[in-house]
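Here is the structure we will look at.
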Amino acid sequence: MNSLTRTENQAVARTVLELDVYNHPGVMSHVVGLFSRRAYNVEGILVMPVGNGATSRIWLLVNEDARLDQMVKQVEKLEDVLAVRRHGAEHEVFVRLEEFFL
1 MNSLTRTENQ AVARTVLELD VYNHPGVMSH VVGLFSRRAY NVEGILVMPV GNGATSRIWL
61 LVNEDARLDQ MVKQVEKLED VLAVRRHGAE HEVFVRLEEF FL
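The opening residue of the sequence shown carries number 1 in UniProt numbering; numbering runs sequentially from there.
In structure tokens, the structure reads:
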């Protein structure tokens, strides 16, 4: 977590983006590079291969702001992205992962 206190951190509106992508070198770089070039902070990243490893699933914890809809549209245009789904910040993947760091 960054310099925000736990209470402040909970007050910030967050969203989890779940991306299905082709699994090959450079995919993560393309995805996070898109956010980086637009100065959009990613608070958390988790990636795991799916099935036989031909695809992976990326979960991104991001702050909810006016630019997010445009960011999702840009991510959907990336060649290696198969699908994008939005979830609330309470999505189980980051809630359970946070338990390891407390």
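C-beta: ideal position from N, C-alpha, C; glycine also.
If you follow the alpha helix (DSSP H) that residue i is in, where does it begin and where does it stop?
i	result
G88	It is not in any alpha helix (DSSP H) - G88 instead sits in the beta strand (DSSP E) that spans 81 to 88.
D69	68 to 77
V32	27 to 37
V93	92 to 98
Hey, residue i and residue j are a contact pair by Cβ (cut 8 Å); roughly how many whole angstroms apart?
i	j	result
V42	V62	6 Å
E76	R14	No, E76 and R14 are not in contact; Cβ-Cβ is about 20 Å, not under 8 Å.
R37	M71	Actually they do not touch by this definition, with Cβ atoms about 11 Å apart.
If I measure Cβ to Cβ from residue i and keep anything under 7 Å in the same chain, skipping five residues before and after, which residues do I get?
i	result
M48	S56, R57
Q74	L34
N23	P49, G53, A54, T55, S56
Check whether the Cβ atoms of residue i and residue j lie closer than 9 Å to each other.
i	j	result
V31	L68	no
residue 104	F94	Examination of residue 104 is not possible in this model, given that the chain is present from 1 through 102 alone.
L19	R85	yes
Name the two residues that bound the continuous beta strand (DSSP E) containing residue i.
i	result
L17	14 to 22
G51	That residue, G51, is in no beta strand (DSSP E); it is neither H nor E in DSSP.
Quick one: residues in its chain with C-beta nearer than 6 Å to the C-beta of residue i, no 5 flanking neighbours on either side, listed in chain order?
i	result
A89	R14
Specify whether the stretch 73 to 85 and the stretch 26 to 34 touch according to this definition: at least 3 beta carbon pairs, one from each stretch, less than 8 Å apart. yes
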